[in-house]
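Trainee:
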Amino acid sequence: MELERWVPSIGIPLNREHFRERPPGTHHAVFEPGKEYGVVHYDRHNPHASLGDFVNHLWDWSPIGTLAVGFLGYQILKSIINDK
């Protein structure tokens, strides 16, 4: 793996090491902790590319989860704005 093309990332399962291609790349590599070889797959959206790609990536993975995260984010912003 050409390390300069990849950045550390997070993903499911949480107990694995994740790397993503730098944008505009859309490949995602998953390794067992400490292992030299892992599995690489293609994602339609790279969540490191932009906020829009992040949301679209979450939506592809879990539409309900994306709506829940959006709702929680909205509630947090609303409480911050109302506190000022």
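Take 3 as the starting number for the sequence shown in my numbering and just add one per residue. Quick reminder that beta carbons are idealized off the backbone N, C-alpha and C, glycines included.
#1: Pick out whichever of THR68, HIS20, PRO35 and PRO15 has its Cα sitting closest to the Cα of VAL42.
#2: What residues match up with ARG22 in a beta bridge as DSSP calls it?
#3: Return the bridge partner residues of TYR44 from the DSSP annotation.
#4: On the premise that ALA51 lies in contact with PRO25, defined as a C-beta separation below 8 Å, what is that separation, rounded to the nearest angstrom?
#5: Considering only residues of the same chain and omitting the five flanking positions on each side of VAL71, which have a CB-CB separation below 8 Å?
Mentor: Short version:
#1: For this step, residue 42 is matched to residue 40 along the sequence shown. Measuring C-alpha to C-alpha distances from VAL42 to each of THR68, HIS20, PRO35 and PRO15 identifies HIS20 as the nearest.
#2: As a first step, residue 22 must be located in the sequence shown, where it is residue number 20. Beta bridge pairing from DSSP links ARG22 with VAL9 and HIS30.
#3: Position 42 of the sequence shown, counted from the first residue, corresponds to residue 44. According to the DSSP secondary-structure assignment, TYR44 is paired through a beta bridge with HIS29.
#4: Numbered from its first residue, the sequence shown carries residue 25 at position 23. Numbered from its first residue, the sequence shown carries residue 51 at position 49. With 8 Å as the limit, PRO25 and ALA51 qualify as a contact, their Cβ atoms being about 4 Å apart.
#5: What you label residue 71 is simply residue 69 of the sequence shown in a count that begins at 1. Closer than 8 Å at the Cβ level, and outside the excluded window around VAL71, lie LEU60.
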